[in-house]
Amino acid sequence: MKSEFRALNAAQQHAAQFAIGCAEAKPLLVIAGAGSGKTSTLAHRVAHLVAAGADPQRLLLLTFSRRAAVELERRAGRALAVLRAGIHAEVPTMLPWAGTFHGIGARLLREYATRVGLAPNFTVHDRGDSEDLMGLVRNAQPAVEATKRRFPAAATCVAIYSRAVNSEASLADVLAGDYPWCANCEDTLRALFDAYVEAKQAQQILDFDDLLLYWAVTLEEPSLAAEIGGRFDHVLVDEYQDTNRLQASILHRLKPDGRGVTVVGDDAQAIYGFRAATVRNILDFPARYAPPATVITLDRNYRSTQAILDASNALMAEARERYAKNLVTDRGAGDKPRLVSVADEAAQAQFVATEVLRHRENGIELRDQAVLFRTASHSAQLELELARRNIPFVKFGGLRFLDAAHVKDVLGILRWIDNPRGRLAGYRTLRLLSGVGPATAARWLDALERSGEPIVELQGFAPPAAAAADWNALVALYCKLNSSAGDWPAEMDSVLDWYQPQLERIHDDAPLRAADLAQLGRIAATYPSRERFLTELTLDPPAAAASEAGPPRLDDDYLILSTIHSAKGLEWKSVAILNGVDGCIPSDMATGRPETIEEERRLLYVAMTRAKDHLAIVLPHRFYVRQQAGLGDRHVYAVQSRFLTPDVSAHFEQQAWPMTAFAEDQQESVGDCRIDVAARVKAAWAQRAR
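Heads up, the sequence shown is in this note's numbering, so the first residue is 1 and it goes up one at a time.
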């Protein structure tokens with residue numbers, strides 16, 4: 001055995017050397033459990049193939065990011081250098097055909113462009129370009145009567161088109177399963193998509209989906225399929241559980257008999273169904289060939305303690321369909337993971353912040369800790385608590401909560417009502433009204449600025465016909481909130497009730513955004529007044545950053561907040577998972593079909609297996625819900641996630657964390673002193689200017 005393989009365990013060595021030197025290159029499926037050294041195994045397999053005589057020019061390596069391809073190429077080059085006794089210190093260009101499905105597709109299509117009816121200089125559109133083009137085509141379609149009835153916006157149209165292409169499903173099935181509210185637009189959407197395709201072809205444009213679609217259609221021609229497939233002796237695919245049906249079709253058309261095919265992945269980490277990925281690809285892979293592909297399982301974990309793995313194994317043991325594996329480790333038992341019951345979301349935030357600081361005092365840096373959640377809005381309460389305690393953090397997955405457009409809309413309404421002379425908040429509010437453009441909004445704001453009686457001025461405005469109903473409701477809301485005496489947080493409920501129709505009109509994903517607004521309402525209820533709510537959120541907002549942002553500039557250590565989807569492939573010493581209750585995990589928007597519920601189980605598994613040493617799942621007992629159907633503001637009681645069954649929970653330590661009582665801020669009376677602060681500020685600036 002060569003020395004470079006001494007670091008690999010027996011299963012990894014088997015996968016790295018499988019069928020190399022045999023007359024027939026059989027198909028291979030490597031089921032790589034979480035933390036089992038998948039990347040190292042795949043890189044060593046590439047190195048061993050090249051060392052055994054495979055031409056690097058005839059190896060096709062397909063990954064899901066260019067960065068992953070570069071990393072695999074780097075590791076394979078180092079392993080090959082060792083195999084060749086150090087003759088080459090590095091082989092950085094050993095795999096010219098390593099890249100993403102889309103990148104390799106683009107290269108091949110340019111090479112075969114003239115033979116498949118494309119111009120070699122075709123343009124590739126990104127998602128934004130695609131949405132712009134779809135918008136132009138949409139506006140030119142006489143059948144799209146968006147002013148007569150609701151019709152999907154351009155971004156939603158692109159999403160529907162993309163899902164149909166990548167899932168190889170009919171438009172009717174996509175609408176029924178994923179966009180039911182658009183089902184009555186099927187005929188119009190079909191005509192729109194036909195026109196969209198014609199526009200792209202007339203302009204020699206391919207969008208991201210076309211890079212796969214044109215590649216797959218090219219391979220439907222037997223002679224071209226044989227020619228392109230014959231260029232590669234080996235095709236290796238990483239993260240195969242995340243492929244969609246179109247990508248699986250490309251692979252099987254390249255190598256219909258499976259000769260030289262290696263796919264690596266983990267069915268238990270298939271969590272991207274919303275991108276049209278399907279776990280069926282990896283589950284059904286062996287049966288695609290006769291005889292079936294060989295399956296090698298990597299079940300030795302190099303990340304987590306055995307206690308965490310035992311709980312994770314128990315979770316997946318209850319999956320409806322899976323590749324059986326039992327993750328083991330040499331790291332020792334470690335502390336049991338914990339199920340921590342708390343009173344509500346506020347207590348959950350306090351518990352997590354306390355635990356983060358406790359771990360920090362015990363030597364675990366903030367950057368070695370993570371808080372994971374199903375949906376970006378679930379961290380809103382925690383973000384406020386971390387800001388209060390001066391715990392720096394970055395957030396991955398979704399926008400910063402207070403930067404989301406719909407959240408800013410609601411805060412803008414409240415700020416405008418609080419201060420009618422605030423032009424920015426007023427402009428944002430007025431532009432929410434259908435039929436009110438920039439000029440009309442500016443004209444109204446000018447009138448309000450000149451008026452000494454804003455309410456009288458508002459009542460005298462004559463809105464456009466399209467905005468009349470919403471305008472009258474807005475004026476009524478304005479009058480009500482200006483006349484109310486500290487009726488908080490009911491004022492927030494009134495604003496949300498007015499905004500709901502605007503939300504549904506403006507945003508196609510209104511139900512998802514509504515969850516953010518419900519969370520905003522719960523946060524508002526923790527403040528004693530509207531003024532305190534607006535002031536404290538302005539002065540001390542959640543300091544989260546978008547996924548593209550770097551760490552806080554003034555801190556060299558920072559906590560990680562992340563959606564579970566964004567955390568895949570990462571690891572931390574300590575992990576806390578928020579809202580381990582039904583409705584959150586699994587999401588109440590993903591319980592319509594058995595396959596989506598199973599994906600939610602896998603999502604929890606991914607979250608749990610990010611932890612190295614410490615794992616806690618937090619279980620709030622209740623959630624604050626604003627008034628519903630005349631029931632008034634109330635708390636609803638949560639149920640522990642259906643995935644945390646007695647057999648799974650037996651692997652956890654059960655804890656209850658008491659809610660910390662915080663005393664109300666004491667306010668001192670300052671008597672009846674009255675001063676003209678504005679005049680003093682002007683005088684101070686005048687003094688400076690002299």
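Note that beta-carbon positions come from the ideal geometry of N, C-alpha and C, so glycine has one too.
Note that the structure is a prediction, hence the values are computed from the model and not measured.
### Message
Under 8 Å, with one C-beta from each stretch per pair, do the segment 635-648 and the segment 365-378 reach the 3-pair mark?
### Response
Cβ pair count under 8 Å is below three, so no.
#### Entry: Which of helix, strand or coil DSSP assigns to L559
The sequence position of residue 559 within the sequence shown is 559, counting from 1. It is a strand residue.
### Contact under 8 Å by Cβ, L477 with W444
The residue you call residue 477 lines up with position 477 of the sequence shown. The residue you call residue 444 lines up with position 444 of the sequence shown. Cβ atoms of L477 and W444: not closer than 8 Å.
### Query
Looking only at C-alpha atoms, which of Q241, V356 and Q204 sits nearest to R391?
Within the sequence shown, the letter at position 391 stands for residue 391. Sequence inspection shows Ile at residue 391; the Arg mentioned does not correspond to that position. Measuring from the Cα of I391, the nearest candidate turns out to be V356.
#### Entry: Three-state secondary structure (DSSP) of L49
If you number the sequence shown from 1, residue 49 lands on position 49. Helix, per DSSP.
### Task
For E131, I'd like the list of residues in its chain whose CB is within less than 7 Å of its CB, leaving aside the five on either flank, ordered along the chain.
Here residue 131 refers to the residue found at position 131 when the sequence shown is read from its first residue. So the list reads A154, A155 and V158, once near-sequence residues are dropped.
### Message
If I measure Cβ to Cβ from M316 and keep anything under 7 Å in the same chain, skipping five residues before and after, which residues do I get?
### Response
Numbered from its first residue, the sequence shown carries residue 316 at position 316. Excluding sequence neighbours, M316 sits near A268, R322 and Y605.
### Query
So S304 and T329 are in contact, right, with Cβ under 8 Å, and what is the actual spacing, rounded?
As a working mapping, residue 304 is identified with position 304 in the sequence shown. As a working mapping, residue 329 is identified with position 329 in the sequence shown. The beta-carbon separation of S304 and T329, rounded to 6 Å, stays under the 8 Å limit for a contact.
### For I160, the three-state DSSP class (helix, strand or coil)
Within the sequence shown, residue 160 is the residue found at index 160, counting from 1. When secondary structure is reduced to three states using DSSP, I160 falls in the helix class.
#### Entry: Cβ separation of A47 and L8, assumed to be a contact under 8 Å, to the nearest whole Å
Reading the sequence shown from its first residue, position 47 is the one you call residue 47. Reading the sequence shown from its first residue, position 8 is the one you call residue 8. Not confirmed; about 11 Å, so no contact.
### Query
How big is the Cα-Cα spacing for W657 and L339?
As a working note, residue 657 is residue 657 in the sequence shown. As a working note, residue 339 is residue 339 in the sequence shown. Each residue's alpha carbon lies about 10 Å from the other.
### Task
Just the C-alpha distance for V144 and N472, rounded to the nearest angstrom, thanks.
Within the sequence shown, numbered from 1, the residue matching residue 144 stands at position 144. Within the sequence shown, numbered from 1, the residue matching residue 472 stands at position 472. Separation of V144 and N472 (C-alpha to C-alpha, rounded to the nearest whole angstrom) is 29 Å.
### Cβ pair count under 8 Å reaching 3, the segment 371-384 against the segment 559-574
Contact between the segment 371-384 and the segment 559-574 is present, because at least three Cβ pairs lie under 8 Å.
### Message
For H234, list the residues DSSP reports as bridge partners.
### Response
The sequence position of residue 234 within the sequence shown is 234, counting from 1. Answer is L59, bridged to H234.
### Query
Per DSSP, F101 forms a beta bridge with which residues?
Along the sequence shown, read from residue 1 onward, the residue named residue 101 stands at position 101. F101 is not bridged to any residue.
### Stretch pair the segment 56-66 + the segment 27-39: three plus CB contacts closer than 8 Å
Remark: fewer than three beta-carbon pairs, one from each stretch, lie closer than 8 Å, so the segment 56-66 and the segment 27-39 are not flagged as touching.
### Query
Under the three-state reduction of DSSP, which class applies to L298: helix, strand or coil?
Here residue 298 is taken as the residue at index 298 of the sequence shown, counted from 1. DSSP places L298 in the strand class (E or B) of the three-state scheme.
### Task
Say whether the segment 280-292 touches the segment 251-271, bearing in mind that this needs 3 or more beta-carbon pairs closer than 8 Å, one atom from each stretch.
Yes: the two stretches touch, three or more of their Cβ pairs being nearer than 8 Å.
### Message
Among V263, G77, P256 and T297, whose alpha-carbon lies nearest the alpha-carbon of A10?
### Response
Start at 1 with the first residue of the sequence shown, and residue 10 comes out as number 10. It is T297 whose Cα lies nearest to the Cα of A10.
### Query
Exposed or buried, what is M492 when buried is set at 16 or more other beta-carbons lying within 10 Å of its beta-carbon?
Reading the sequence shown from its first residue, position 492 is the one you call residue 492. Classification for M492: buried.
### Query
For D209, which of L517, A638, H102 and R45 has the nearest alpha-carbon?
Locating residue 209 in the sequence shown gives position 209, where the first residue counts as 1. Minimum Cα distance to D209 is reached at H102.
### Task
Quick one: measure Cβ to Cβ for G260 and V235, integer angstroms, because I've assumed they're closer than 8 Å.
Taking the sequence shown and counting its residues from 1, one reaches residue 260 at position 260. Taking the sequence shown and counting its residues from 1, one reaches residue 235 at position 235. G260 to V235, Cβ: 6 Å. Contact.
### Query
Taking the alpha-carbon positions, what's the T609 to I160 distance?
As a working mapping, residue 609 is identified with position 609 in the sequence shown. As a working mapping, residue 160 is identified with position 160 in the sequence shown. Roughly 33 Å between the two C-alpha positions.
### Task
Taking S574 as part of the beta strand (DSSP E), name the residues at either end of that continuous run.
Within the sequence shown, the letter at position 574 stands for residue 574. Start and end: W572 to I577.
### Query
Cβ atoms of K336 and E653: under 8 Å apart, would you say?
Locating residue 653 in the sequence shown gives position 653, counting from the first residue. Locating residue 336 in the sequence shown gives position 336, counting from the first residue. Cβ distance < 8 Å, so E653 and K336 count as in contact.
### Task
Can you have a look at F396 and say buried or exposed, based on whether 16 or more other CB atoms are within 10 angstroms of its CB?
Along the sequence shown, one-based indexing puts residue 396 at 396. Buried, because 16 or more other Cβ atoms sit within 10 Å of the Cβ of F396.
#### Entry: C-alpha distance - Q17 paired with Q247, whole-angstrom precision
Against the sequence shown, residue 17 aligns to sequence position 17. Against the sequence shown, residue 247 aligns to sequence position 247. If you draw a straight line from the Cα of Q17 to the Cα of Q247, it comes to about 26 Å.
### Query
Since A370 is in the beta strand (DSSP E), which residue starts that stretch and which ends it?
The residue you call residue 370 lines up with position 370 of the sequence shown. Note, A370: beta strand (DSSP E), Q369 to F373.
### Query
Mind checking whether I104 and L133 have CB atoms under 8 Å apart?
Position 104 of the sequence shown, counted from the start, is the residue given in the question as residue 104. Position 133 of the sequence shown, counted from the start, is the residue given in the question as residue 133. No, they are not a contact pair.
### Beta-carbon proximity check, P52 vs G21, cutoff 8 Å
The residue you call residue 52 lines up with position 52 of the sequence shown. The residue you call residue 21 lines up with position 21 of the sequence shown. Reading the sequence as shown, one finds Ala at residue 52 and not Pro. Yes, the pair counts as a contact, with Cβ atoms nearer than the cut-off.
### Task
For C185, I'd like the list of residues in its chain whose CB is within less than 7 Å of its CB, leaving aside the five on either flank, ordered along the chain.
The residue labelled residue 185 in the question sits at position 185 within the sequence shown. Cβ neighbours of C185 beyond the five flanking positions: F151 and P152.
### Task
Please confirm if A307 has its CB atom under 8 Å from at least one CB of chain D.
Absent from the structure: chain D. Only one protein chain is present.
### Message
Please give the ranges of any alpha helix (DSSP H) in the segment 240-296, keeping only runs that are unbroken, at least 4 residues long and fully inside the region.
### Response
Scanning the segment 240-296 for uninterrupted alpha helix (DSSP H) segments of 4 residues or longer gives 245-254 and 280-283, listed from N- to C-terminal end.
### Message
How far does the beta strand (DSSP E) with L395 in it extend, from its first residue to its last?
### Response
Within the sequence shown, the letter at position 395 stands for residue 395. Here the sequence assigns Lys to residue 395, which means Leu is not the residue at that position. Annotation for K395: the continuous beta strand (DSSP E) segment containing it runs F393 to F396.
### Message
Within a Cβ cutoff of 6 Å, which residues of the same chain sit near D470, ignoring the five residues on either side of it in sequence?
### Response
Counting from 1 along the sequence shown, the entry for residue 470 is found at position 470. Result list for D470: L433, in chain order.
### Query
In chain order, what residues of the same chain have a beta carbon less than 8 Å from the beta carbon of D508, not counting five sequence neighbours either side?
Taking the sequence shown and counting its residues from 1, one reaches residue 508 at position 508. Around D508: P152, A153, A155 and T156.
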